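*Asks:* Per this note's numbering, the sequence shown runs over residues 10 to 52.
I'd like to ask some things about the structure below.
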Amino acid sequence: MPPDVDPLGPENVLVVAPGPLTGLLVPGAGKVSFSAISPETSY
């Protein structure tokens, strides 16, 4: 994503990134990260 994307614009996407061990029967392996550009900080 380019750094000049409008945080409230339609080109700002929500990235859903599951961890590498998601789906395994390992305690604590069900980690997931949600990322987007913040409208407050633009980061």
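Each residue gets a CB set at the ideal place from its N, CA and C atoms; glycine is no exception.
Fair warning: this is a prediction, and the values are worked out from it, not measured in the lab.
1. Considering only C-alpha positions, which residue in the set MET10, SER42, GLU20 and LEU17 is nearest to GLY28?
2. Determine the direct distance from the alpha carbon of GLY39 to that of LEU30, and round the result to whole angstroms.
3. With DSSP as the reference, identify every bridge partner of PRO27, one or two as the case may be.
4. Alpha carbon to alpha carbon, what distance is there between SER47 and ASN21?
5. Just the C-alpha distance for PRO36 and ALA26, rounded to the nearest angstrom, thanks.
*Replies:* Checking against the coordinates, here is how it stands:
1. Here residue 28 is taken as the residue at index 19 of the sequence shown, counted from 1. Among MET10, SER42, GLU20 and LEU17, the Cα nearest to that of GLY28 is on SER42.
2. Translated into positions along the sequence shown, residue 30 becomes position 21. Translated into positions along the sequence shown, residue 39 becomes position 30. About 7 Å.
3. Residue numbering aside, residue 27 sits at position 18 when the sequence shown is read from its first letter. In DSSP, PRO27 forms a bridge with VAL41.
4. Taking the sequence shown and counting its residues from 1, the one referred to as residue 21 is at position 12. Taking the sequence shown and counting its residues from 1, the one referred to as residue 47 is at position 38. One C-alpha to the other measures close to 9 Å.
5. For the purposes of this step, residue 36 is taken as residue 27 along the sequence shown, with counting starting at 1. For the purposes of this step, residue 26 is taken as residue 17 along the sequence shown, with counting starting at 1. Between PRO36 and ALA26, the C-alpha separation is close to 19 Å.
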